[in-house]
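Notes for the one structure printed next.
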Amino acid sequence: MGPVLLECRMLDPRSQRASPMVPAPSSAYVDVILPRRLHRPFTYLIPPELKDRVVVGRSVVVPFGSQDLHGLVIAVYPQLPPGAPQEGLKAIRSLSAASADHLLTADQIGLSQWVAERYAAPWGQCIKLVLPPVGRGGPPQPRYVLTAQGLARHSSVDPLGETETEVLARLRRRPKGIMATTLLKGDKARLTLALHTLVKQGLVGRCDEPVAPRTLRSTMPPGDTSAVALPMEPEEAADGVEPTPPKAMLWPTVLEQARTKQTLSPLLLQGTHRTRQWCLMQAAQATIRLEKQVLILTGDVEQASRLAGFLAARGERPMLLHSGLSMKARAAVWQAAQEGSVKILIGTRMAVFAPLSRLGLVWVDGEDDASLKEEQVPRYHAREVAHHRASREGAVLVLASNHPSLESLSAVQEGRLTACVYRAPEQLPRVNVIDMKHSPRDVGGGMVLSPPLIEGLRGALRQNALSILYLNRKGFASVLHCGDCGAMPQCDACSVALTFFRRSNHVRCHYCGRTRPVPEHCPRCQSLKLEPVGSGTERVEEAVRRQFPQARVGRVDGETIRRPADARALHRLLTAGDIDILIGTQMIFRLGFHGRALFVALPDADAGLHVPDFRSAERMYHALLDAAALARPAAVGGQLLIQTRLAEHHAIMALASGDEEVFVQQEQAFRQMLQYPPWTCLVRLDVSGTKEAVVSHAAERWAAVLRARAAGRERTVAVLGPSPASHVLRRGRYCWQILIKSSSPEVGKEIAMRTREELERESRRGGLRYDIDVDPVSMA
DNA sequence: AGCACGCCGACT
DNA sequence: GTCGGCGTGCTC
Numbered sequence: 031m032g033p034v035l036l037e038c039r040m041l042d043p044r045s046q047r048a049s050p051m052v053p054a055p056s057s058a059y060v061d062v063i064l065p066r067r068l069h070r071p072f073t074y075l076i077p078p079e080l081k082d083r084v085v086v087g088r089s090v091v092v093p094f095g096s097q098d099l100h101g102l103v104i105a106v107y108p109q110l111p112p113g114a115p116q117e118g119l120k121a122i123r124s125l126s127a128a129s130a131d132h133l134l135t136a137d138q139i140g141l142s143q144w145v146a147e148r149y150a151a152p153w154g155q156c157i158k159l160v161l162p163p164v165g166r167g168g169p170p171q172p173r174y175v176l177t178a179q180g181l182a183r184h185s186s187v188d189p190l191g192e193t194e195t196e197v198l199a200r201l202r203r204r205p206k207g208i209m210a211t212t213l214l215k216g217d218k219a220r221l222t223l224a225l226h227t228l229v230k231q232g233l234v235g236r237c238d239e240p241v242a243p244r245t246l247r248s249t250m251p252p253g254d255t256s257a258v259a260l261p262m263e264p265e266e267a268a269d270g271v272e273p274t275p276p277k278a279m280l281w282p283t284v285l286e287q288a289r290t291k292q293t294l295s296p297l298l299l300q301g302t303h304r305t306r307q308w309c310l311m312q313a314a315q316a317t318i319r320l321e322k323q324v325l326i327l328t329g330d331v332e333q334a335s336r337l338a339g340f341l342a343a344r345g346e347r348p349m350l351l352h353s354g355l356s357m358k359a360r361a362a363v364w365q366a367a368q369e370g371s372v373k374i375l376i377g378t379r380m381a382v383f384a385p386l387s388r389l390g391l392v393w394v395d396g397e398d399d400a401s402l403k404e405e406q407v408p409r410y411h412a413r414e415v416a417h418h419r420a421s422r423e424g425a426v427l428v429l430a431s432n433h434p435s436l437e438s439l440s441a442v443q444e445g446r447l448t449a450c451v452y453r454a455p456e457q458l459p460r461v462n463v464i465d466m467k468h469s470p471r472d473v474g475g476g477m478v479l480s481p482p483l484i485e486g487l488r489g490a491l492r493q494n495a496l497s498i499l500y501l502n503r504k505g506f507a508s509v510l511h512c513g514d515c516g517a518m519p520q521c522d523a524c525s526v527a528l529t530f531f532r533r534s535n536h537v538r539c540h541y542c543g544r545t546r547p548v549p550e551h552c553p554r555c556q557s558l559k560l561e562p563v564g565s566g567t568e569r570v571e572e573a574v575r576r577q578f579p580q581a582r583v584g585r586v587d588g589e590t591i592r593r594p595a596d597a598r599a600l601h602r603l604l605t606a607g608d609i610d611i612l613i614g615t616q617m618i619f620r621l622g623f624h625g626r627a628l629f630v631a632l633p634d635a636d637a638g639l640h641v642p643d644f645r646s647a648e649r650m651y652h653a654l655l656d657a658a659a660l661a662r663p664a665a666v667g668g669q670l671l672i673q674t675r676l677a678e679h680h681a682i683m684a685l686a687s688g689d690e691e692v693f694v695q696q697e698q699a700f701r702q703m704l705q706y707p708p709w710t711c712l713v714r715l716d717v718s719g720t721k722e723a724v725v726s727h728a729a730e731r732w733a734a735v736l737r738a739r740a741a742g743r744e745r746t747v748a749v750l751g752p753s754p755a756s757h758v759l760r761r762g763r764y765c766w767q768i769l770i771k772s773s774s775p776e777v778g779k780e781i782a783m784r785t786r787e788e789l790e791r792e793s794r795r796g797g798l799r800y801d802i803d804v805d806p807v808s809m810a
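Position 563 of the first sequence, counted from 1, bears residue number 593 in the numbering used here, the numbering being contiguous throughout.
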């Protein structure tokens, strides 16, 4: 009984007064977390027949309202816990079949609880993160089966409706039942109704247990190739090889110091793709030698596969875990992790919750990648969860990137991270900035191809070498900019691009919500040519084709690359040298074709700044560095050309001078001045619903309640907004947002949670929902 | 979240 | 007159 009591003291806030000295006669009550949007556990009785089998971490089936749900036991008590209702308690129905053979560990439960608290998410939703990926996306599919009565009934005694008869016939053909989703496909309303009457008549029953209890042992041995990445690309051609920077030779020593805790903080590794791969290899092998496990996180599936291929080519047996895998494959990997047969696990953000019990190394590759942040409700950031796990489980944490986030760079300055900069300037191409301020524009308002750009393409063509044109367009928000100098009207208070509303002819800051009439002239050059940023970039391909009709032009973007197979096909073309000029968006980086192009150009480098987000400059700087990484080193003729109207922007200056500090210092000063992260913490509140007026009203109300609550604490909390998140509704819902700036994440989060409770109690009409996003990473 | 119960408009 | 829409409250 001791361990049970100990665990419930650790896990449940309500049990603090439980004394471990009192000998527990027998455990009779449990607290259960349910997979619903509920913030607290529910108490149940343990039926005598399950007395010894219900322990902390066990998944159980419990009655909840009118239905049965799978829930997780988080505490066991000998007596009625305080706060639970005195009477009317129901008993646990049964153990969950799906999890009959394993328990969640205290670590896993603790991790889910930490996520719930850190990101202000209901614990029930966070439990799903640490559960095996079988039942994700809802409880084990409920199925409908014919009851004995229904089976016996051949012809209708009572007249049954047409639909009812039809449903009965379908069920008769399927003795094991039909999943609710399958059964209800088609005319859902009518079928639901028919089903309802059949259930009421006792002809059909509902069953929540899975058909076949998952036993995936024999079918999928760990290390099965279907779960392992195959090296998709041959090793980089010789012309793309960069030397490993000499400084990186210190890496093994640094690692060893980190492992033995001589270095007290986690590591921030800065270097190119290739350098990071080398360092990762060292770190992974060292970890495996110590019989520990390696967890590698990436921002996207392609990078995960690429790293897996790289490690596999060197004799390791990495396993992959990401959303591209089938549920079955994911479950197999999860189980292999649990059994301890996995030495290296590589995956996207979800993998950070994998049940690795001997974690020795957590490696976050591309730590600045925004995709590490989950945009759905447990809105966790995998980098942060990784940090938490590593420190709790005594693993070495390495954050790696070619261009670390400003958050991490600031953490280095504060001593919370130890920087390892393994950069070699000779890896970079020659950079050429073309100031387009006074160049004419094409008819569509887009950037024109400047003579140096055309010359660069021509030169590469002559040498039969690859050129890449990178279209750094990201934002979809309508933003104004000056047709002459490229400057954007910004919010005076928030310094983000103002969003333009054509209909009402006004501009609005979507951080603080302030509205103004459209400015008449450019704030910088007084030109009258303020216009919405166009889609002129689409013209680039056309212009290139017109200029070089004989060139073989390839395109990469969301439309041309739909499936992984498309990417592979294009990769083959590139490898074979069948493409002269490649034009594309961010997608280009997913091809993993780094250091290969002779000539790389950004026809409209400023496009990335036209996003109303305080991180837009940082994103642009990263995009520039990424573009540079596509090109060969200067020594072998690599060239990067940037067309810009903002040649004196610190991101461009930093790239042109090759001095990162130019960017970092100015950006930090900017963030500090305007009180943005990493100097403050942001919490974004989302109000959404189906009726616009109701949503905006609720948002106003929430902001007012927040301001009242923050009164007198102006130095630590500021409330901005509300403002419409975007004029296009998201999934048929209107969204408004509020921003809270606070001196610590706790302050902002606390005030948000308190007031949300209040608002939720107050009004739910119009399908209103109140969401909290702690440390939002995208503000669109 | 889901579900049931309850109160108001357009249909046989 | 009912059917069925959604708003509201509750779930151990």
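Every residue gets a Cβ at the ideal spot worked out from N, C-alpha and C, and that includes glycine.
Open item on the list: I want to check one thing, is the minimum distance from the CB of M466 to the heavy atoms of the ligand MN below 7 angstroms?
Closed with: Judged by which ligands are present, the structure shown has none, so any question about the ligand MN falls away.
#### Entry: C-alpha gap between L483 and S142, whole angstroms
52 angstroms
As a quick exercise: from Q97, Y74, L99, pick the residue whose alpha carbon is nearest that of A105.
Y74
- For M703, count neighbouring C-beta atoms within 10 Å of its own C-beta (all shown protein chains included) and say buried if the count is 16 or more, exposed if not. exposed
- According to the Cβ coordinates, are D531 and V509 closer than 8 angstroms? The sequence given here places Phe at residue 531; Asp does not occur at that position. Not a contact, by the Cβ cut-off of 8 angstroms.
**Report entry** Alpha carbon of H69 to alpha carbon of Q155, nearest angstrom
**Finding:** 9 angstroms
> Among E730, C542, R123, F72, which has the Cα closest to the Cα of G113?
Replying inline: F72
**Prompt:** Which word fits M357, buried or exposed, when buried means at least 16 other C-beta atoms lie within 10 angstroms of its C-beta?
**Reply:** exposed
query: For the beta strand (DSSP E) that R460 lies in, which residues bound it at each end?
result: 460-465
Exercise. Over what stretch of residues does the alpha helix (DSSP H) that includes G638 continue unbroken?
Worked result: Premise fails: G638 is in no alpha helix (DSSP H) and is neither H nor E.
By the DSSP assignment, the beta strand (DSSP E) with K771 in it spans what residues? 764-772
_Which same chain residues end up closer than 7 angstroms to E697 when comparing Cβ atoms and leaving out the 5 residues on each side of it in sequence?_
L436, A647, E648, H680
inquiry  = What does the alpha-carbon distance come out to for the pair P434 and V382?
reply    = 20 angstroms
Does A611 come out as helix, strand or coil in the three-state DSSP assignment? Sequence inspection shows Ile at residue 611; the Ala mentioned does not correspond to that position. Reduced to three states, the DSSP call for I611 is strand.
### Query
Is the beta carbon of K779 sitting closer than 8 angstroms to the one on V735?
no
L639 and L685: beta carbons closer than 8 angstroms?
-> no
Q. Counting Cβ pairs closer than 8 angstroms, one from the stretch 785-801 and one from the stretch 732-748, do we hit at least three?
A. yes
Exercise. In angstroms, rounded to a whole number, what distance separates the CA positions of E550 and M809?
Worked result: 27 angstroms
What runs of the beta strand (DSSP E), each 3 residues or longer, lie entirely inside the stretch 376-423?
-> 389-395
query: For A342, does the three-state DSSP call read helix, strand or coil?
result: helix
(message) Let me confirm a value: N432 is counted as buried when at least 16 other C-beta atoms fall within 10 Å, else exposed. Which label applies?
(response) buried
Exercise for the section: Round the Cβ separation of D636 and G614 to the nearest angstrom and send it over; I've been treating them as touching at under 8 angstroms. Expected result: Incorrect: roughly 18 angstroms between the Cβ atoms, too far for contact.
Selected residue, minimal CA-CA separation from P65, among Q97, V85, Y59: Q97
Legend entry - Beta-carbon separation (whole angstroms), L375 vs L391, contact threshold 8 angstroms: About 11 angstroms; that fails the 8 angstroms criterion.
(message) Considering only the alpha carbon of each residue, which of L458, A127, L479, D610 lies closest to V91?
(response) A127
### Message
Tell me the DSSP secondary structure of F629 in three-state form.
### Response
strand
- Message: Which residue wins for smallest C-alpha separation from K403, given the options H411, G396, E397?
- Response: H411
Assign Q577 to one of three DSSP states: helix, strand, or coil.
helix
Self-check item: Alpha carbon of K120 to alpha carbon of Y107, nearest angstrom
Solution: 15 angstroms
Problem set entry | Outcome for G719 when other beta-carbon atoms lying within 10 angstroms are tallied against a minimum of 16 | buried
Assuming contact is defined by CB atoms lying nearer than 8 angstroms, are T302 and A659 in contact in what I supplied? yes
task: Thinking V724 and T746 are a contact (beta carbons under 8 angstroms), I'd like their distance in whole angstroms, please.
output: With a Cβ gap of about 31 angstroms, V724 and T746 do not count as contacting.
* To do: Tell me whether T245 is buried or exposed, calling it buried when 16 or more other Cβ atoms sit within 10 Å of its Cβ.
  => Below a pLDDT of 50, predicted positions are generally treated as unreliable, and T245, at 24, falls in that range; the measurement from the model is reported next regardless. Exposed.
Please name the residue in Q116, K322, G329, R675 whose C-alpha comes closest to that of K467. R675
- Once you ignore the five residues that flank W144 on each side, which residues in its own chain have a CB closer than 7 angstroms to its CB? H418
### Rounded distance between the beta-carbons of D395 and T328, thought under 8 angstroms
5 angstroms
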